[in-house]
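Working notes, beginning with the structure itself.
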Amino acid sequence: MMLSKPTSVAQSVVNDLLAELYAKSGCEKFGLSHESLAAILYEVGAKHCAALKSEGEVRTFFLSLRVDELALARACAAGSNAAWEIFLTRYREKLYLSALRIAREGSAARELADTLYADLYGTALRDGQRVSKLASYTGRGSLEGWLRTVLSQEYVNRYRRTKRLVSLEEESEEGVQFRAAEPEPVPPSDNRLAETTDEVLGCLSSEDRMVLSAYYLDGRTLAEIARMLGVHESTISRKLDKLAKSLRKQIVAALGKRGMSRRQAEEALEVDVRDLQVDIRRSLAQDSPPSAFSEKRVEARVREGEG
Amino acid sequence: MENVPKIVRERLRVSTVAVDHLDADVLTAFAERALPEAERATVLGHLARCGECREIVALALPPVEAAEIHQAPSRSRWFTWPALRWGFALAGVVVIISLAVVQRHSQSSSSMMAYKAAQPTAKEARNQTLPAIPEPEAAGNKKLPAAFVAGKTADTGKLLARDSGSPAASAVNSPQVAGGAGFSRGVLSHGPKVANQANQFQQQNANASVGANVAMPVPPPPMAKQQPSAQLVANAPVPAAPQMQPSSAPVNTQAQNFDLKTEAISDQPSNYGHGEEKVGRAKEPPDTVVHIEPEKVLAAQAPSDSNVLAYSLPNTRWGITSAGDLQRSVDQGNSWQEVNVKTTPAPAAANFEVMARSSLAKTKDSAKADKNGNGAMVFRAVAANGVEVWAGGSAGQLYHSTDSGNHWSKVVPSVSGAVLTGDVVRLDFADAQHGRVSTSTSEVWITSDDGLTWQKQ
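Read top to bottom, the protein sequences are chains E and H.
Quick note on numbering: this note's numbering labels position 46 of the first sequence as 64, and the sequence is numbered without any gaps.
Quick note on numbering: this note's numbering labels position 428 of the second sequence as 462, and the sequence is numbered without any gaps.
Structural data, given as structure tokens:
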């Protein structure tokens, strides 16, 4: 049962646990008072406890927080020298190594790490106050893991921005070295196949769907997916094997219910929808005037698909 | 291995929707399995549809440490079914053989003691007319070792004497037991008395023989010569069997063979044929069993003038020369390289320090001023625990590396304004978090959070 005033419940739990959490946090090293820690915990509770249903869950939530790292991060965000010394001693090397692993190249890694340092230190100002990214850390996961996640977010954002910024000269070339944006989804000639597939995929669990997407869309390896989910690699392998077999059976069965014969259903599954549409587009392109950039991009993708 | 139909991939791609992305806190907690079940399911639902968040989670995975890669094969190999199957079978064989040997020893010794205890009475009884003592086999006591058949008991007695060392066993001279079991069952006319005495001796000797012959653990050999400033940490897997030095040598040999055999079992590849380019794991280094004979290793592989050694990863050794230079070997001591703790400041920190406060700028200045590598630094202690390495020396200098010595940070333990002074003469780190630093001024500094905070004793 949802509590009528979750925020006040979170606050009362914080008040109960404050002494214990303060002792765990080591706040005194950074000059953070009980009141400061309480304010931080109220903020975290307001952000994350709204969906919690009972006081017990709220209590468990606060006890699971990494209050020591939360105190360090917030003390750094507040500009504590002592906190920064500890932060640098502990995380400086790890941050650079993580950036190197993400960017895979020294100068890009250095730039990525430097940019993040600037955000963490708080070079940006808002209403005259320094804004540090560390103020958004809430202690749910480790600070080291959070730093890696923030680095990854920064890297992905940069890569997306870089992808868009392609010169016209480069665009006029073959362009296959630049991954084009995904083309508009091509409606299949028979809607039953797509609808049935959507229905079957809709019945999958989120985890199964995530595994399929990570493997078939993102190209992740079994080991990577296993580490993302915290399971053994063989578990992912077995899951994918099982899913591949069951999806085929379920789609064929569902198509049968929609009036297709088994043979038709199996043939429909073997045909690549994109191949059908690509042929039509190619024959259209041969008779048309020089194509604009957007169509050239589709052709580049076609050639890539054939390759 | 079957792939999913292409239409499935197409529809998965199409169903990707643009939604508000998850924040870094939630993604981190998800990756570290710190979310409650309900929230985890919600996050999985988002990740199933958001490629960008999936990519972030994948990129943010922690690095697979070299030690984990080196150890992972042995861990996974131990717990894959083929290895376990053979392991169980061999374990069963070893257990059966050891039980048989133990039982033979205990029965032989108890029979010997029963015979000895009953001997005066037996002599007396023999002078009377004793009932025929059945042959062990005929009596159905198949457990009696063949050695107790007349003529071979002396050897058995000697064996017992050597193994158990018990005075009772060693006092056995010429047992002529042809039916020890007969004595223990009180077959003689002085049966009950003899049986009681025999039982007593039998019991005592059984206890002694069990204690002597079975599971007599010998303290493991010292792992290293413990210098005052040395701390040995061996992270390589050490088989348990070699640490047991029981008197039942055949059993132990079998145990060692068991270890070697199971080590030799090759791991099943996890290649289930999921597409050509996606298949397979990185090639794993050949698994090796590390049998540490520290004294031999120290003698053969230490730096020529080293007096301190620490082990971190299986192939990595740390040492300090008599001149106080810190050295590292990555090939089990075959060659050594001097380590400079002051040449690897992080470039990010160098840029960051432009914006930093004065305390940080001082660090940069002192690093710049030290152009002679470690300068006048004299190391006196080093401790290694996996990839975590601590090195300390003169004037309270203390350095910490989290990547096997590739990068170093200077650590200045302080508490309530007091700073560690004096030469660091000893480092004890039981694990990555907990450590003790002892100095020449009899100070002891303790940390329980990897050097983040310190207490002074």
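All residues carry an ideal CB built from backbone N, CA and C; glycine is no exception.
Remember, it's a predicted structure, so these values are computed and weren't measured experimentally.
TODO: Note the first and the last residue of the continuous alpha helix (DSSP H) segment covering GLN282 (chain E).
DONE: Your numbering for residue 282 (chain E) matches position 264 in the first sequence. Per DSSP, GLN282 (chain E) belongs to the alpha helix (DSSP H) from 280-288.
TODO: Quick one: using the 10 Å Cβ neighbour count with 16 as the cut-off for buried, is GLU71 (chain H) buried or exposed?
DONE: The residue labelled residue 71 (chain H) in the question sits at position 37 within the second sequence. Around the CB of GLU71 (chain H), fewer than 16 other CB atoms lie within 10 Å, so the residue is classed as exposed.
Open item on the list: Looking at the secondary structure, which residues open and close the beta strand (DSSP E) in which PHE463 (chain H) lies?
Closed with: Taking the second sequence and counting its residues from 1, the one referred to as residue 463 (chain H) is at position 429. Taken as a continuous stretch (DSSP letters only), the beta strand (DSSP E) holding PHE463 (chain H) covers 458-463.
- [ ] Could you check the C-alpha separation between VAL270 (chain E) and GLU217 (chain E) for me, to the nearest Å?
- [x] By 1-based counting over the first sequence, the position of residue 270 (chain E) is 252. By 1-based counting over the first sequence, the position of residue 217 (chain E) is 199. If I take the Cα positions, the gap works out to 12 Å.
TODO: Rounded to whole angstroms, what's the CA-CA distance from PRO39 (chain H) to ARG266 (chain E)? Just pull it up for me.
DONE: The residue labelled residue 39 (chain H) in the question sits at position 5 within the second sequence. The residue labelled residue 266 (chain E) in the question sits at position 248 within the first sequence. The alpha-carbon separation between PRO39 (chain H) and ARG266 (chain E) amounts to approximately 7 Å.
TODO: Mind checking which residues open and close the beta strand (DSSP E) that includes ARG470 (chain H)?
DONE: Indexing the second sequence from 1 puts residue 470 (chain H) at position 436. Note, ARG470 (chain H): beta strand (DSSP E), 469-473.
Open item on the list: Could you tell me the alpha carbon to alpha carbon distance between ASP365 (chain H) and GLY353 (chain H), rounded to whole angstroms?
Closed with: The residue you call residue 365 (chain H) lines up with position 331 of the second sequence. The residue you call residue 353 (chain H) lines up with position 319 of the second sequence. So the alpha carbons of these two residues sit roughly 13 Å apart.
- [ ] Flag this pair as yes or no: are the beta carbons of ALA56 (chain E) and LEU36 (chain E) separated by less than 8 Å?
- [x] Locating residue 56 (chain E) in the first sequence gives position 38, counting from the first residue. Locating residue 36 (chain E) in the first sequence gives position 18, counting from the first residue. Yes. Within cutoff.
Open item on the list: Within the continuous beta strand (DSSP E) that includes HIS434 (chain H), where are the two ends?
Closed with: Residue 434 (chain H) sits at position 400 when you count from the first residue of the second sequence. Taken as a continuous stretch (DSSP letters only), the beta strand (DSSP E) holding HIS434 (chain H) covers 432-435.
- [ ] Express the C-alpha separation of ILE254 (chain E) and LEU222 (chain E) in angstroms, rounding to a whole number.
- [x] Numbered from its first residue, the first sequence carries residue 222 (chain E) at position 204. Numbered from its first residue, the first sequence carries residue 254 (chain E) at position 236. Answer to the nearest angstrom: the Cα atoms are 15 Å apart.
Task: Assigned secondary structure, GLU89 (chain H) (DSSP; H/G/I helix, E/B strand, else coil) - done: Within the second sequence, the letter at position 55 stands for residue 89 (chain H). GLU89 (chain H) falls in the helix class under three-state DSSP.
Task: Among E:ALA283, E:THR107, E:ASP86 and E:LEU169, nearest to GLU89 (chain H) - alpha-carbon criterion - done: Taking the second sequence and counting its residues from 1, the one referred to as residue 89 (chain H) is at position 55. The shortest Cα separation from GLU89 (chain H) among E:ALA283, E:THR107, E:ASP86 and E:LEU169 belongs to E:LEU169.
Open item on the list: According to DSSP, simplified to helix, strand and coil, what is THR253 (chain E)?
Closed with: In the first sequence, the residue the question calls residue 253 (chain E) occupies position 235. Residue state, collapsed to three classes: helix.
Open item on the list: With H, G and I counted as helix, E and B as strand and the rest as coil, what does DSSP make of GLU66 (chain H)?
Closed with: Along the second sequence, read from residue 1 onward, the residue named residue 66 (chain H) stands at position 32. GLU66 (chain H): coil per DSSP, three-state reduction.
Task: Any chain E beta carbon closer than 8 Å to ARG470 (chain H) - done: Here the question's residue 470 (chain H) lines up with position 436 in the second sequence. Taking Cβ atoms only, chain E never reaches closer than 8 Å to ARG470 (chain H), which makes this a no.
Task: Per-residue burial, LEU81 (chain E) [other beta carbons within 10 Å of its own, 16 or more giving buried] - done: To locate residue 81 (chain E), count along the first sequence from 1; it is residue 63. Its Cβ having fewer than 16 others within 10 Å, LEU81 (chain E) is exposed.
TODO: Measure the beta-carbon distance from LEU113 (chain E) to LEU165 (chain E) and round it to whole angstroms, keeping in mind my assumption that it falls under 8 Å.
DONE: As a position in the first sequence, residue 113 (chain E) is number 95, starting the count at 1. As a position in the first sequence, residue 165 (chain E) is number 147, starting the count at 1. About 6 Å; that satisfies the 8 Å criterion.
Task: DSSP beta-bridge partners of ALA425 (chain H) - done: The residue labelled residue 425 (chain H) in the question sits at position 391 within the second sequence. Answer is H:VAL416 and H:TYR433.
Open item on the list: Please classify GLY124 (chain E) as buried or exposed, where buried requires at least 16 neighbouring CB atoms within 10 angstroms.
Closed with: Here residue 124 (chain E) corresponds to residue number 106 of the first sequence, with the count starting at 1. Burial call: exposed.
Open item on the list: Taking only three categories from DSSP, how would you classify ARG238 (chain E)?
Closed with: Mapped onto the first sequence, residue 238 (chain E) falls at position 220. Note: ARG238 (chain E) maps to coil in three-state DSSP.
Open item on the list: For ARG92 (chain E), which residues in the same chain have their Cβ closer than 6 Å to its Cβ, ignoring the five residues on either side in sequence?
Closed with: If you number the first sequence from 1, residue 92 (chain E) lands on position 74. Correct list, in chain order: ILE58.
Open item on the list: According to DSSP, is VAL364 (chain H) part of a helix, a strand, or is it coil?
Closed with: As a first step, residue 364 (chain H) is located in the second sequence; it is residue number 330 there, counting from the start. DSSP places VAL364 (chain H) in coil when its eight states are reduced to three.
Open item on the list: Taking its Cβ as the centre, do 16 or more other Cβ atoms sit within 10 Å of ASN419 (chain H), making it buried, or is it exposed?
Closed with: Taking the second sequence and counting its residues from 1, the one referred to as residue 419 (chain H) is at position 385. Burial call: buried.
Task: alpha helix (DSSP H) segment containing VAL76 (chain E), residue limits - done: For the purposes of this step, residue 76 (chain E) is taken as residue 58 along the first sequence, with counting starting at 1. Per DSSP, VAL76 (chain E) belongs to the alpha helix (DSSP H) from 73-82.
Open item on the list: Taking 8 Å as the limit between beta carbons, can you name the residues of its chain near SER160 (chain E), skipping five residues before and five after?
Closed with: If you number the first sequence from 1, residue 160 (chain E) lands on position 142. Only ARG84 and GLU87 meet the Cβ criterion.
Open item on the list: Just checking: is the beta-carbon of VAL423 (chain H) within a distance shorter than 8 Å of some beta-carbon in chain E?
Closed with: Looking up residue 423 (chain H) in the second sequence gives position 389. Answer no: the Cβ-Cβ gap between VAL423 (chain H) and chain E never drops below 8 Å.
Task: Enclosing alpha helix (DSSP H) for VAL85 (chain E) [first to last residue] - done: The residue you call residue 85 (chain E) lines up with position 67 of the first sequence. Residues 85-95.
Task: Span of the alpha helix (DSSP H), counted from its first residue to its last, around TRP442 (chain H) - done: Translated into the one-based positions of the second sequence, residue 442 (chain H) becomes position 408. No alpha helix (DSSP H) contains TRP442 (chain H), which DSSP labels as neither H nor E.
Task: Neighbouring residues, chain E, relative to PRO447 (chain H) (Cβ below 9 Å) - done: On the second sequence, residue 447 (chain H) is found 413 positions in, with the first residue counted as 1. Going along chain E, no residue has its Cβ under 9 Å from PRO447 (chain H), so there is no contact; the nearest lies around 11 Å.
Task: Supposed contact pair GLY358 (chain H) and GLY427 (chain H) - C-beta distance, whole angstroms, cut 8 Å - done: Looking up residue 427 (chain H) in the second sequence gives position 393. Looking up residue 358 (chain H) in the second sequence gives position 324. The Cβ separation is near 6 Å, so the contact holds.
Task: GLN431 (chain H) Cβ short of 7 Å to the ligand FMN heavy atom set - done: Among the components modelled here there is no ligand, and therefore nothing to report on the ligand FMN.
Open item on the list: Under 8 Å, Cβ to Cβ, is there at least one residue of chain E near ALA464 (chain H)?
Closed with: Along the second sequence, one-based indexing puts residue 464 (chain H) at 430. False, the Cβ-Cβ gap to chain E never drops below 8 Å.
Task: Neighbour flag for ARG281 (chain E) against chain H, beta carbons, 8 Å - done: Here residue 281 (chain E) refers to the residue found at position 263 of the first sequence. With 8 Å as the cut-off, ARG281 (chain E) does not count as an interface residue toward chain H.
Open item on the list: Does any residue of chain H have a CB that is nearer than 8 Å to the CB of ILE120 (chain E)?
Closed with: Mapped onto the first sequence, residue 120 (chain E) falls at position 102. It does; some Cβ of chain H falls within 8 Å.
Open item on the list: Is there a C-beta anywhere in chain E that falls below 8 Å from the one on GLY85 (chain H)?
Closed with: The residue you call residue 85 (chain H) lines up with position 51 of the second sequence. Taking Cβ atoms only, chain E reaches closer than 8 Å to GLY85 (chain H), which makes this a yes.
- [ ] Select from the stretch 256-281 of chain E all residues with a C-beta closer than 9 Å to any C-beta belonging to chain H, and list them in chain order.
- [x] ARG256, LEU258, ASP259, LEU261, ALA262, LYS263, LEU265, ARG266 and ILE269
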